[in-house]
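Asks:
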Amino acid sequence: MKPAEGSTVIGKSVIIRGDLSGSEDLYLDGDIEGTITLPDNRLTIGPNARAKADIHARDVVVLGRLSGNVTATGRVDLRESALVNGDIVATRLAIEESVTLKGRVELKGGGEAQAASASHPAAVVESSASKTPLLTQPGA
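Just so we're aligned, residue 83 is where the sequence shown starts under my numbering, counting upward by one.
1) Residues in the same chain with beta-carbon distance under 8 Å from Ala86, minus the five sequence neighbours each way, listed in chain order, please.
2) In the stretch 100-168, which residue ranges form an unbroken alpha helix (DSSP H) of at least 4 residues, counting only runs that do not cross its ends?
3) Mark Gly93 as exposed unless 16 or more other C-beta atoms lie within 10 angstroms of its C-beta, in which case mark it buried.
4) Tell me whether the beta-carbon of Thr117 lies closer than 7 Å to the beta-carbon of Asp101.
5) DSSP three-state label for Gly93, please.
6) Verify whether the separation of the beta carbon atoms of Ala154 and Val142 is less than 7 Å.
7) Pull up the CB-CB distance for Arg186 and Asp169, whole angstroms please, since I reckon it's below 8 Å.
Set out below in structure tokens:
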């Protein structure tokens, strides 16, 4: 996957330790340990990336390795090569085949759906290449 036009790119030879924040889209293909905060923007964790970070962003796309919790006000996409170990809270979630995911998933909608999911997690997911992910909604 190529970085979106206008995104800031952090290459695969870059190592960051600490907090990273910004107000533009970010394509990360290096290593980071800490926190990433992009409240109004998209974060893409590239296929070479190794992130040990808690993430707060509008949208998150994961192609590489992520160990940490993700909070997204928009969508989280876990692409085919993703290895994720951590909890995900988002409005929407897409998981491609062969993703490895270990953690809790909470999907939050608007209005009443948001209030219901705040007290009941939408799913607890443990998925690997040999298992099919199972997502459930409260009351389903």
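Even for Gly, the Cβ is constructed at its ideal location relative to N, Cα and C. Quantities reported herein were computed from a predicted structural model and do not represent experimental measurements.
Replies: Quick answer:
1) Asp107, Tyr109, Arg124, Thr126
2) none
3) exposed
4) yes
5) coil
6) yes
7) 4 Å
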